[in-house]
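Q: Numbering-wise, the sequence shown is residues 7 to 188 according to my numbering.
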Amino acid sequence: DRLKPEQAWTIREAAMEDGGIGYLPVGSGKTLVGILIALALRNCRLAVLLIKPDQRVHYRLAYARLREHFRVPTIVWDDGWAGSVLVPGTPAVHVVPYSLLQNKRSTVHLEKLSPDVVIADEAHCLANKASARSGRVLRYIAGRRGQTRFCGWSGTLEWKSIADVAHLSAFALGMRSPLPID
């Protein structure tokens, strides 16, 4: 019936800053934040929620349970699953597994969807700027500077140094980022 304090705080902060990045450890409720955050961001019409492929069933079950107690956004499963749900008057959240971003068609997929928000659960999956999936997402956001907002979280944002997440922090918070921009 209620959000955990860390979930409510994350959604509130992202709404205030129009983006966000942070640490949400295992058990803190990243899944619910990923589903609900599009409702809190101003003028969000379409969001892409990036998840690990093995989280698909978890997200489907969480969305079904969440609908029983909360107002939820429209959800579209971009992996071919037929369980999409239209909720009139709400932003559409396209759930896209990171694995879909590893082929060239995914660049076209992002461009075609034209999301105004990119949400990254387990955002550390975008830490390596040289990887194909990270490159596609980062080029999309950079090419639409100011038009596409970013929200991301993970329990392990940094692997080696703050350089792993400085680019994500800059996309989420712009010049308000506490990390060095260059």
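Using N, Cα and C, we set each Cβ at its ideal position, and we do this for glycine too. Predicted model, so just to flag it, every value in this text is computed and none were measured.
If you drop the 5 nearest sequence neighbours on each side, which residues of the same chain put their C-beta closer than 8 angstroms to that of L179?
A: Taking the sequence shown and counting its residues from 1, the one referred to as residue 179 is at position 173. Hits under 8 angstroms: E23, G25, G26 and I27.
Q: First and last residue of the beta strand (DSSP E) that includes W159?
A: Along the sequence shown, read from residue 1 onward, the residue named residue 159 stands at position 153. Residues R155 to S160.
Q: Using a Cβ-Cβ distance cut-off of 9 angstroms, determine whether V99 contacts chain D.
A: Although the question refers to chain D, the structure presented lacks it and comprises just one protein chain.
Q: Using 8 angstroms as the threshold, is the segment 87–107 in touch with the segment 27–39, meaning 3 or more CB pairs across them?
A: no
Q: Taking R33 as part of the alpha helix (DSSP H), name the residues at either end of that continuous run.
A: Indexing the sequence shown from 1 puts residue 33 at position 27. Before going further, note that residue 33 is Gly rather than Arg in the sequence given. Careful: G33 lies outside any alpha helix (DSSP H) and carries neither H nor E.
Q: With the cut-off set at 9 angstroms, would you say G190 and Q61 are in Cβ contact?
A: This structure cannot speak to residue 190, because the chain is shown only from 7 to 188.
Q: For H173, verify whether its CB is less than 8 angstroms away from any heavy atom of the ligand GTP.
A: As for the ligand GTP, it is missing from this structure, which has no ligand bound.
Q: Who does V82 pair with in a DSSP beta bridge?
A: For the purposes of this step, residue 82 is taken as residue 76 along the sequence shown, with counting starting at 1. Per DSSP, the beta bridge partners of V82 are H100.
Q: Considering L144, what are the terminal residues of the alpha helix (DSSP H) in which it resides?
A: The count along the sequence shown starts at 1 and reaches residue 144 at position 138. Looking at the DSSP string, the run of the alpha helix (DSSP H) that includes L144 is A138 to G149.
Q: Give every residue of the same chain whose Cβ lies closer than 6 angstroms to the Cβ of V91, excluding the five residues on either side of it in the sequence, and list them in chain order.
A: To locate residue 91, count along the sequence shown from 1; it is residue 85. Closer than 6 angstroms at Cβ, skipping near neighbours: I81.
Q: Classify L55 as helix, strand or coil using the three-state DSSP reduction.
A: By one-based count along the sequence shown, residue 55 stands at place 49. Strand, per DSSP.
Q: Starting from A14 and walking both ways along the alpha helix (DSSP H), at which residues does that stretch end?
A: Taking the sequence shown and counting its residues from 1, one reaches residue 14 at position 8. Segment P11 to E23, the alpha helix (DSSP H) holding A14.
Q: Identify every residue that forms a DSSP beta bridge with I27.
A: Stepping through the sequence shown from its first residue, residue 27 is reached at position 21. Checking the DSSP bridge columns, you'll see I27 partnered with G158.
Q: Cα separation between V78 and L119?
A: Along the sequence shown, one-based indexing puts residue 78 at 72. Along the sequence shown, one-based indexing puts residue 119 at 113. Going by the C-alpha atoms only, they are around 20 angstroms apart.
Q: Starting from V123, follow the beta strand (DSSP E) in both directions and report where the run begins and ends.
A: Here residue 123 is taken as the residue at index 117 of the sequence shown, counted from 1. Counting along the chain, V123 sits inside the beta strand (DSSP E) bounded by residues V123 to D127.
Q: Looking at the secondary structure, which residues open and close the alpha helix (DSSP H) in which V93 lies?
A: In the sequence shown, counting from the first residue as 1, residue 93 sits at position 87. Looking at the DSSP string, V93 is not in any alpha helix (DSSP H), and its letter there is neither H nor E.
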